[in-house]
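Input: a single structure, listed below in structure tokens.
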Amino acid sequence: MRRRDFIQQASAGTALVTIGGIGLQSFTNAATTKKITILHTNDVHSHIDAFGPEDGRNANKGGVARRAGLIESIRNENPHTLLLDAGDIFQGTPYFNYYGGELEFKLMSKLKYDAATIGNHDFDNGIDGLYAQLEHADFQFISANYDFSNTIMDTHTKPYKIFKKNGIKIGVFGLGIELNGLVDPTMYKETKYLDPIEVTQDMTRILKTEALCDLVICLSHLGYNYKKNPNKISDLKLAAATKDIDLIIGGHTHTFLSKPTIVKNIEEKNILVNQVGCYGIYLGKIDFYFDSDKNISANGTSIIV
Amino acid sequence: MRLTHFIFLLYIFTLFSCKQPKLWLTKIEGKQIQITDTLPLDSEIEAYIKPYRDNIQKDLDSVLAYSIRTYSKSDGKLNTAIGNFMADAVYNEANPIFKNRTGKDIDMVLLNHGGIRSILSKGDVTKRTAYELMPFENSIVVLEMRGNQIDRLISYLIKRKRAHPISKLKLTINEHDKIVEAQINGKDIKPNKAYYVATNDYLYNGGDDMTFFKTNDSLYILNYKVRNALIDHFKKIDTINPVIDDRFIQIK
Numbered sequence: 000m001r002r003r004d005f006i007q008q009a010s011a012g013t014a015l016v017t018i019g020g021i022g023l024q025s026f027t028n029a030a031t032t033k034k035i036t037i038l039h040t041n042d043v044h045s046h047i048d049a050f051g052p053e054d055g056r057n058a059n060k061g062g063v064a065r066r067a068g069l070i071e072s073i074r075n076e077n078p079h080t081l082l083l084d085a086g087d088i089f090q091g092t093p094y095f096n097y098y099g100g101e102l103e104f105k106l107m108s109k110l111k112y113d114a115a116t117i118g119n120h121d122f123d124n125g126i127d128g129l130y131a132q133l134e135h136a137d138f139q140f141i142s143a144n145y146d147f148s149n150t151i152m153d154t155h156t157k158p159y160k161i162f163k164k165n166g167i168k169i170g171v172f173g174l175g176i177e178l179n180g181l182v183d184p185t186m187y188k189e190t191k192y193l194d195p196i197e198v199t200q201d202m203t204r205i206l207k208t209e210a211l212c213d214l215v216i217c218l219s220h221l222g223y224n225y226k227k228n229p230n231k232i233s234d235l236k237l238a239a240a241t242k243d244i245d246l247i248i249g250g251h252t253h254t255f256l257s258k259p260t261i262v263k264n265i266e267e268k269n270i271l272v273n274q275v276g277c278y279g280i281y282l283g284k285i286d287f288y289f290d291s292d293k294n295i296s297a298n299g300t301s302i303i304v
Numbered sequence: 000m001r002l003t004h005f006i007f008l009l010y011i012f013t014l015f016s017c018k019q020p021k022l023w024l025t026k027i028e029g030k031q032i033q034i035t036d037t038l039p040l041d042s043e044i045e046a047y048i049k050p051y052r053d054n055i056q057k058d059l060d061s062v063l064a065y066s067i068r069t070y071s072k073s074d075g076k077l078n079t080a081i082g083n084f085m086a087d088a089v090y091n092e093a094n095p096i097f098k099n100r101t102g103k104d105i106d107m108v109l110l111n112h113g114g115i116r117s118i119l120s121k122g123d124v125t126k127r128t129a130y131e132l133m134p135f136e137n138s139i140v141v142l143e144m145r146g147n148q149i150d151r152l153i154s155y156l157i158k159r160k161r162a163h164p165i166s167k168l169k170l171t172i173n174e175h176d177k178i179v180e181a182q183i184n185g186k187d188i189k190p191n192k193a194y195y196v197a198t199n200d201y202l203y204n205g206g207d208d209m210t211f212f213k214t215n216d217s218l219y220i221l222n223y224k225v226r227n228a229l230i231d232h233f234k235k236i237d238t239i240n241p242v243i244d245d246r247f248i249q250i251k
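Chains A and B are the protein sequences, given in the same order. All residue numbers for the first sequence refer to numbering that gives the first Met the number 0, where the first residue is 0 and numbers rise by one. All residue numbers for the second sequence refer to numbering that gives the first Met the number 0, where the first residue is 0 and numbers rise by one.
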């Protein structure tokens, strides 16, 4: 017994020394830099295979197996990486017609997606069809403005999720597009659509003010911008009308941006809106650098796009 | 025990005293990375997809029927063999479903010429053929229209003079575009009679400027895709041998 006590104490002592060592190192470091990488897709629309060589527009582009390789190499470079999808995972190739989204969810799980929001096409087999595939998804569905409480999806989505990567708190909330007029009501059943701006005000208060997240990300399927319909809520409008969001990852409008858009929010702070078109042809990559040196940060946040 | 406590306290003390310094967001870098064929393929993912892909290929390529000729939507003026085939297939496959649900029969079908997305090639006909002909996910809807609304539908067909696929509607016009004969199911159209017209949801919602559908009295959503109706029809027939007929003609 005595011997065992000694071993226990000794191992505790060793642990202490090790922790102390790390602590000392971090004390002596003048400045700490942390990097968080956010990877994202949207509107992949069941494009599991790359486009064929004869395709008129996207020959040899896309494909989940190549995306997987790219994501892995980025994770090897920075393990503090989040992988997100902004909806419309379903519909577009026979993979969906044959398997109802099973393979899409299984592959996203294999690629270790952290979260996805729900697009209008994700209701294409009805809300029951979406529910039926949930067992294949090892990632969280995030939607703050679809009230699913009277549907089979109740309790299977979260309005937001907080991730911790390298000590950085990242709050992610989801927004979906108005379904009325876009999706047959028999498909979405009693899903209630809530106002995105009001919901965002709640979400940013919870994530930034209460949970003290270092980063707040909105995963949106609202659409990038509606030039012909300027009153319609979009990512650009949401960005300008709210505060405390750092990044909006968008979808729905299949908008190919040459680079992420910098938008001034309601407090005149610059934030980013990004979307990567559709069909898994691009992967969006946003790196956030945090620094403990106040002198560097005194210059504000530099955005390089 | 005392020593353990002491160590434990030290441990807590160390953790708390070594509180992380406040971090500021100093830099954001964003870019889009194209997925091209120069990127390495993840072989494990590729192997995982393969059985699914193979199964789909096998199923898509399994032979359902045989087409004795190659049919194109450009062969024919006001009606085409391929369009007649598609409209008749929609009637034949959708009517039993509609009748089962409502006790009524579909009176006529109208699709759109632009909705025929490929040729129907001579030889084996497979599910892939149906995907090529109809890659879109449009579903069949049936709506109730009065005879006077059918008049608007007919005016549209006469004005456009395109071979929009129809079934059970017979329309003959003269060289001045005047109606010589307009019948549904072999009978003259009565202004106040209710007709059950099958089309797809795209056209019902005003696609191809078919604005006459939106004034319907009632709409029946069959939840039946046009493509699936084609596939079901391929399964029932052995040979595909449609013809250009007299369902929409102009006498000169």
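From the three backbone atoms N, C-alpha and C, an ideal C-beta is built for every residue, glycine too.
Distance, residue 64 of chain B Cα to residue 314 of chain A Cα: This structure cannot settle anything about residue 314 of chain A, because the visible part of chain A is limited to 0 through 304.
Straight-line Cα distance separating residue 21 of chain B from residue 290 of chain A: Taking the straight line joining both Cα atoms gives about 8 Å.
Touching by the beta-carbon criterion (3+ pairs, under 8 Å), the region 50-63 of chain B and the region 175-188 of chain B: Contact fails: fewer than three Cβ-Cβ distances are below 8 Å.
Interface flag, residue 116 of chain B vs chain A, CB-CB below 9 Å: With a threshold of 9 Å between beta carbons, residue 116 of chain B makes no contact with chain A.
Among A/285, A/302 and A/292, nearest to residue 35 of chain A - alpha-carbon criterion: That would be A/285, whose Cα lies nearest to the Cα of residue 35 of chain A.
Contact with chain B by residue 93 of chain A, beta-carbon distance below 9 Å: It does: the Cβ of residue 93 of chain A has a partner Cβ on chain B nearer than 9 Å.
Three-state secondary structure (DSSP) of residue 266 of chain A: In the structure shown, the three-state DSSP call for residue 266 of chain A is coil.
Chain B within 9 Å of residue 112 of chain A, Cβ atoms only: No, no contact with chain B.
CA nearest to the CA of residue 276 of chain A, picked from A/255, A/49 and A/194: Per the Cα distances, A/255.
Where residue 82 of chain B falls: helix, strand or coil (DSSP): Collapsing the DSSP output to three states places residue 82 of chain B in a helix.
Closer than 8 Å: residue 251 of chain B CB and nearest the ligand MN heavy atom: By its list of ligands, the structure shown contains no ligand whatsoever, and the ligand MN lies outside what it can speak to.
Any C-beta of chain A under 9 Å from that of residue 21 of chain B: Yes, residue 21 of chain B counts as interfacial toward chain A.
DSSP beta-bridge partners of residue 193 of chain B: Note: residue 193 of chain B sits in a beta bridge opposite B/145.
Any chain B beta carbon closer than 9 Å to residue 66 of chain A: Yes, because at least one Cβ of chain B sits closer than 9 Å to the Cβ of residue 66 of chain A.
Member of A/39, A/218, A/234 and A/303 whose CA lies at the smallest distance from the CA of residue 142 of chain A: Closest option to residue 142 of chain A, judged by alpha-carbon separation, among A/39, A/218, A/234 and A/303: A/218.
For residue 131 of chain B, the residue or residues it bridges with in DSSP: Answer by DSSP bridge pairing: none, since residue 131 of chain B is not bridged.
Residue 303 of chain A and residue 26 of chain B closer than 9 Å at C-beta: The answer is yes: Cβ separation under 9 Å.
Cβ pair residue 102 of chain A, residue 144 of chain A closer than 9 Å: The Cβ atoms of residue 102 of chain A and residue 144 of chain A do not sit closer than 9 Å to each other.
Test: residue 28 of chain B CB closer than 9 Å to a CB of chain A: By this cut-off, residue 28 of chain B is an interface position.
Among A/163, A/231 and A/53, the one whose alpha carbon lies nearest that of residue 206 of chain A: Comparing Cα-Cα distances from residue 206 of chain A to each of A/163, A/231 and A/53, the minimum goes to A/163.
Chain B within 9 Å of residue 61 of chain A, Cβ atoms only: Using a CB distance cut-off of 9 Å, residue 61 of chain A counts as an interface residue toward chain B.
Inter-stretch contact (C-beta, 8 Å, three-pair minimum) for the region 208-215 of chain B and the region 131-145 of chain B: A contact between stretches requires three or more CB pairs, one per stretch, nearer than 8 Å, and the region 208-215 of chain B meets this requirement with the region 131-145 of chain B.
Enclosing alpha helix (DSSP H) for residue 107 of chain A [first to last residue]: Note, residue 107 of chain A: alpha helix (DSSP H), 101-109.
Short-range partners of chain A found in the region 166-192 of chain B, where Cβ spacing is below 9 Å: Residues passing the 9 Å Cβ filter: none.
Which of helix, strand or coil DSSP assigns to residue 251 of chain B: For residue 251 of chain B, the secondary structure class from DSSP, reduced to helix, strand or coil, is coil.
Spatially closest choice to residue 224 of chain B from B/106, B/154 and B/198, by CA coordinates: Minimum Cα distance to residue 224 of chain B is reached at B/198.
Any chain A beta carbon closer than 9 Å to residue 52 of chain B: With its beta carbon less than 9 Å from one in chain A, residue 52 of chain B belongs to the interface.
Residue-chain proximity (residue 254 of chain A, chain B), Cβ-Cβ < 9 Å: Using a CB distance cut-off of 9 Å, residue 254 of chain A does not count as an interface residue toward chain B.
Uninterrupted alpha helix (DSSP H) stretches inside the region 71-126 of chain B (no shorter than 4 residues): Runs of the alpha helix (DSSP H) spanning 4 or more residues and lying entirely within the region 71-126 of chain B occur at 80-101, in chain order.
Selection from B/29, B/76 and B/145 that minimises the alpha carbon distance to residue 196 of chain B: Selected option, being the one with the closest Cα: B/145.
Residue 180 of chain B - containing alpha helix (DSSP H), residue span: It is not in any alpha helix (DSSP H) - residue 180 of chain B instead sits in the beta strand (DSSP E) that spans 178-183.
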